[in-house]
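Residue numbers (UniProt numbering): 1 to 525.
C-beta atoms are modelled at their ideal positions from N, C-alpha and C, and glycine is treated no differently.
Working notes, beginning with the structure itself.
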């Protein structure tokens with residue numbers, strides 16, 4: 001499961017792929033993972049044979065991070081597996097020094113600093129790339145201009161692109177590229193430069209981009225210059241990234257703690273928020289990984305397979321041509337039973353996209369929903385046909401209906417692996433069922449008590465995103481186009497007056513596309 005936040009010291013990116021799909025993540029530090037892509041490589045001390053220097057030599061080295069209990073347990077499992085494959089007993093006594101799952105969960109709850117603290121993936125050597133030569137840590141890597149410069153530093157951009165080519169060549173057929181970008185700082189500039197090269201080289205490959213930021217990125221800045229810089233960064237970052245992809249999905253609320261009724265989330269912990277966002281992205285992208293069925297074929301396990309191109313055409317290829325989508329999620333999804341299921345199913349979907357309007361009726365809205373692992377009558381897993389019938393009934397009884405909706409269904413729930421944070425309340429059962437009475441004990445429960453949950457996720461094209469767009473357009477016009485401190489800031493990022501005006505035009509067109517008043521005005525002209 002990919003994590004979606006930044007922290008630590010070294011900016012880096014991750015490339016992953018399945019046979020038909022490439023994913024690109026730009027995020028935080030490497031933590032316990034070496035840049036060659038493996039978790040547990042013991043890095044030997046390298047002795048230099050250079051003898052041209054005869055003076056004194058002093059070595060300055062940072063202390064290596066100690067692996068937490070979770071990573072230690074993975075190391076022991078790997079060591080034991082390799083020993084068994086080689087016919088050697090992995091240990092004198094399996095119970096000796098055995099790390100308990102309970103201890104691992106407690107360790108992760110308060111000890112996670114980097115995403116590598118809870119990652120159990122062996123990365124391909126081509127997957128990880130460290131940005132070097134920046135002369136700053138991640139806290140200073142904070143605006144679009146810095147990221148833009150970092151991409152071209154010492155031909156790093158070309159090396160990143162070469163790594164993407166490697167994975168694309170491994171695909172038997174390229175379905176599309178998913179980008180997951182922490183857009184709150186310099187990674188947005190890196191991603192935009194990267195995207196620009198990809199668009200030129202892979203013109204016909206559909207690209208879906210998720211702009212993701214953690215609650216911790218919403219900080220109250222003290223100085224006027226910092227506030228203006230962040231405001232301009234948000235506007236320019238969104239405009240540049242959205243112009244380079246077919247569909248963009250902004251994700252990241254200032255607070256998640258009050259969003260989900262059954263999840264006691266701590267906003268100050270990116271470990272918690274990343275689990276929510278990763279779960280939502282896993283669910284909404286599930287149809288991309290389904291095997292498509294023939295026109296007359298039916299399956300008792302899945303329904304509604306669609307690829308990236310299909311989703312983009314669905315949401316952004318309609319008459320309105322809106323390329324900005326909203327992501328909603330129900331985690332866990334409510335059971336498909338009861339008298340008011342129509343209100344329960346749609347009413348439990350909570351938006352993860354910031355600055356959207358509530359209860360905004362849009363007769364031209366388009367939606368694509370994924371429901372998997374749903375619980376039906378009697379607390380049993382619902383069949384595919386039952387889910388389809390219930391969702392259809394929910395839309396028929398809703399106050400406002402979208403112009404078009406697509407539904408993907410899978411019977412498999414979202415698995416909750418061991419390193420998943422303890423974010424489930426005491427009304428969530430072992431398989432994600434919602435209980436009528438709370439379970440005594442701890443108010444938060446994790447993977448030791450909750451093994452899987454039903455999920456519902458939805459992408460929608462709606463005028464509810466207008467507030468998000470209008471705010472960025474207004475801020476760019478106010479601070480980036482009028483003479484003052486803002487113009488100096490964008491100039492320092494390498495943007496001239498004409499380029500800023502072009503960015504403003506991009507945002508203005510996006511607003512006009514969705515605002516019926518502006519559409520009527522342009523038609524009359």
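Among the options, the one whose alpha carbon lies nearest that of residue i
i: residue 115; options: 278, 160, 84, 204; result: 278
i: residue 457; options: 373, 431, 317, 137; result: 373
i: residue 286; options: 410, 78, 334, 483; result: 410
i: residue 478; options: 156, 463, 459, 501; result: 501
i: residue 473; options: 459, 508, 422; result: 508
i: residue 337; options: 363, 390, 72; result: 390
i: residue 194; options: 214, 165, 172, 212; result: 165
i: residue 301; options: 412, 187, 25, 459; result: 412
i: residue 436; options: 428, 466, 172; result: 428
i: residue 162; options: 189, 281, 201; result: 201
i: residue 378; options: 142, 434, 25; result: 434
i: residue 408; options: 79, 459, 240, 98; result: 459
i: residue 467; options: 512, 148, 405, 423; result: 512
i: residue 404; options: 150, 319, 469; result: 319
i: residue 383; options: 150, 406, 298; result: 298
i: residue 425; options: 66, 517, 258; result: 258
i: residue 446; options: 438, 471, 416; result: 416
Between the CA atoms of residue j and residue i - distance to the nearest angstrom
i: residue 6; j: residue 418; result: Caution is warranted here: a pLDDT of 32 is assigned to residue 6, below 50, making its placement in the model unreliable, and no coordinate value can be reported.
i: residue 271; j: residue 52; result: 48 Å
i: residue 44; j: residue 63; result: Its pLDDT being 49, under 50, residue 44 is placed unreliably by the model, and the measurement read from it follows with that caveat. For residue 44 and residue 63, the distance between alpha carbons rounds to 15 Å.
i: residue 365; j: residue 106; result: 44 Å
i: residue 131; j: residue 273; result: 25 Å
i: residue 126; j: residue 344; result: 45 Å
i: residue 342; j: residue 234; result: Per-residue confidence for residue 342 stands at a pLDDT of 49, beneath the threshold of 50, marking its modelled position as unreliable; no derived number is given.
i: residue 134; j: residue 452; result: 42 Å
i: residue 293; j: residue 393; result: 24 Å
i: residue 356; j: residue 250; result: 10 Å
i: residue 494; j: residue 145; result: 7 Å
i: residue 347; j: residue 303; result: 23 Å
i: residue 255; j: residue 328; result: 15 Å
i: residue 232; j: residue 476; result: 6 Å
i: residue 288; j: residue 122; result: 23 Å
i: residue 444; j: residue 381; result: 24 Å
i: residue 212; j: residue 515; result: 25 Å
i: residue 399; j: residue 358; result: 14 Å
i: residue 442; j: residue 483; result: 56 Å
i: residue 335; j: residue 158; result: 49 Å
i: residue 316; j: residue 431; result: 35 Å
i: residue 42; j: residue 75; result: Because residue 42 carries a pLDDT of 48, less than 50, the predicted location of this residue cannot be relied on, and no value is offered for it.
i: residue 171; j: residue 187; result: 26 Å
i: residue 284; j: residue 143; result: 29 Å
i: residue 282; j: residue 260; result: 18 Å
i: residue 506; j: residue 205; result: 22 Å
i: residue 136; j: residue 149; result: 13 Å
i: residue 406; j: residue 78; result: 43 Å
i: residue 498; j: residue 395; result: 46 Å
i: residue 120; j: residue 139; result: 26 Å
i: residue 100; j: residue 438; result: 26 Å
i: residue 59; j: residue 183; result: 36 Å
Cβ separation of residue i and residue j, assumed to be a contact under 8 Å, to the nearest whole Å
i: residue 268; j: residue 216; result: 7 Å
i: residue 103; j: residue 69; result: 6 Å
i: residue 362; j: residue 214; result: Contact doesn't hold; Cβ gap of about 29 Å is too wide.
i: residue 72; j: residue 421; result: Not a contact, Cβ separation roughly 19 Å.
i: residue 228; j: residue 489; result: 6 Å
i: residue 147; j: residue 112; result: About 25 Å; that fails the 8 Å criterion.
i: residue 253; j: residue 354; result: 6 Å
Contact under 8 Å by Cβ, residue i with residue j
i: residue 210; j: residue 168; result: no
i: residue 263; j: residue 196; result: no
i: residue 223; j: residue 323; result: no
i: residue 369; j: residue 414; result: no
i: residue 376; j: residue 386; result: yes
i: residue 486; j: residue 309; result: no
i: residue 198; j: residue 246; result: no
i: residue 326; j: residue 464; result: yes
i: residue 350; j: residue 330; result: yes
i: residue 129; j: residue 160; result: yes
i: residue 448; j: residue 510; result: no
i: residue 280; j: residue 208; result: no
i: residue 248; j: residue 503; result: no
i: residue 291; j: residue 305; result: yes
- Message: Threshold first: 3 residues or longer. Then list the beta strand (DSSP E) segments lying entirely within the region 319 to 386, N to C.
- Response: 326 to 330, 366 to 372
- Could you name each continuous alpha helix (DSSP H) segment of 4 residues or more that falls completely within the region 146 to 204, going from the start of the chain to the end? 156 to 170, 187 to 201
- alpha helix (DSSP H) runs wholly inside the region 95 to 145, at least 4 long, in chain order: 101 to 111
- In chain order, which continuous runs of the beta strand (DSSP E) of length 3 or greater are located wholly inside the region 271 to 323? none
- Query: Considering only residues of the region 378 to 455, which uninterrupted beta strand (DSSP E) runs meet the minimum length of 3 residues and lie entirely inside it, listed in chain order?
  - Reply: 404 to 410
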